[in-house]
Amino acid sequence: MTRLNNDQTASCRVNSLVNTVVGSAPRAGKAVRSLLAVTALTTGLLFTQEASAQVLLGGEQLVKGVSTAEERVAQSDLWVMDIAFKPMRQMVVEVTDPKTGEKKPEYIWYMTYRAFNRPIAQREVDNQPVNEFDPPVLPPMFVPEFTLVTQSETPEVIQDTISPEALTAINKREKFTFQNSVEAVAPIPPAAEPKSPDEQAISGVAIFRNVNPKAKRYTVYLTGFSNGIRTIEGPDGQPLVQHKTLMQKYWRPGDEFDQKEFEIRLDGEPEWIYR
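Its first residue numbered 0, the sequence shown is counted upward by one per residue in numbering that gives the first Met the number 0.
Take a look at the structure:
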């Protein structure tokens, strides 16, 4: 995947791609080159954006809500939130078995976060963007979704779950009232600059249960922190809608028998992708 750090980098990558494609055809005209460049951007050959994280007090990683000029032109109502999240944590929680009613200890993985809506600078364009999707719901809603995928012999997909017992234990440990992914659903706060009087944060936690302790590498996808969408051609030739998503990878060098929280480490920088 090609990474885009900013609009200028995106342009350079497009030019590089075009040069590669038409390099063997020196007579390729300007129109052909322009067509190839547009195709590269609109069909998804370039779609990831590395988002360097800034470390805040308390160990939080602040990831900026970046966007490209192409995204802003294609979607005039685009919003992308800044996300501040702590390292993946782990704790043992006494969870009630719904079948027996008995409590039993269980390893819970969780990630706390704060989300901020920031202003996006819109560029003047000659023509209004054409929105092929349904009109946006007013006001736009924040609906967070989290997916953890293990990278093992048999990859497992684990969705963020709602566990009142785990949430109570997490909030007690963190000494803060975080919301689960249902409680956190709310209208998007008005866009505000950092530390301004109008700044509002949505504070929540993603909870993962039954994470395979044998897996060494994990990828977490955070969706709902942007309304960015795009359509590509799916495997069956039909249009496929993808959503702007933040991806963060982790790795854990320990074994399955003696799980330790400090072993869960970040694996590279977070990236904004479409999936």
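Cβ coordinates follow ideal geometry from the N, Cα and C atoms, glycine included.
It should be emphasised that the depicted structure is a prediction, and the values quoted were computed from it without experimental measurement.
CB contact flag (residue i, residue j, <7 Å)
i	j	result
F145	A205	yes
Y273	Q237	no
W250	R229	no
T149	N226	no
A114	M80	yes
A190	E198	no
K243	D266	no
I169	Y109	yes
A165	I107	yes
P186	P138	yes
N116	P193	no
A183	I201	yes
Residue span of the beta strand (DSSP E) that contains residue i, given as start and end
i	result
K171	Where K171 is concerned, there is no enclosing beta strand (DSSP E), although the alpha helix (DSSP H) it sits in stretches over P163 to E173.
R117	Here R117 belongs to no beta strand (DSSP E), and DSSP marks it neither H nor E.
R216	R216 to T222
A83	M80 to F84
R229	I228 to E232
V62	Q60 to V62
E152	No beta strand (DSSP E) contains E152, which DSSP labels as neither H nor E.
Q53	A52 to V54
M246	P238 to W250
I157	V156 to Q158
M90	R88 to T95
E270	E270 to Y273
DSSP state of residue i mapped onto helix, strand, coil
i	result
G203	strand
Residue i, buried or exposed, once every other Cβ within 10 Å from all chains shown has been counted against 16
i	result
P143	buried
F175	exposed
R71	buried
T167	exposed
S66	buried
E69	buried
G64	buried
G57	exposed
Where the alpha helix (DSSP H) containing residue i begins and where it ends
i	result
E70	A68 to A73
Sequence-distant residues of its chain with Cβ nearer than 7 Å to residue i (five each side left out)
i	result
V156	T146 and V148
T111	F84, K85, E173, F177 and V204
L55	L61 and A83
P269	A50, A52, V62, L245, M246 and Q247
T222	E144, H242 and T244
Beta-carbon contacts of residue i that lie in its chain and below 8 Å, excluding the five residues immediately before and after
i	result
E101	T95
V91	P104, E105, Y106 and I107
E59	A83, F84, K85 and R113
T218	L147, V148, Q150, M246, Q247, K248 and Y249
Residues near residue i by beta carbon distance below 6 Å, same chain, minus five either side
i	result
S180	P143 and D159
S162	I206
S195	none
Heavy atom of the ligand SAH within 6 Å of residue i beta-carbon
i	result
L147	Looking at this structure, you won't find the ligand SAH or any other ligand, since it has none at all.
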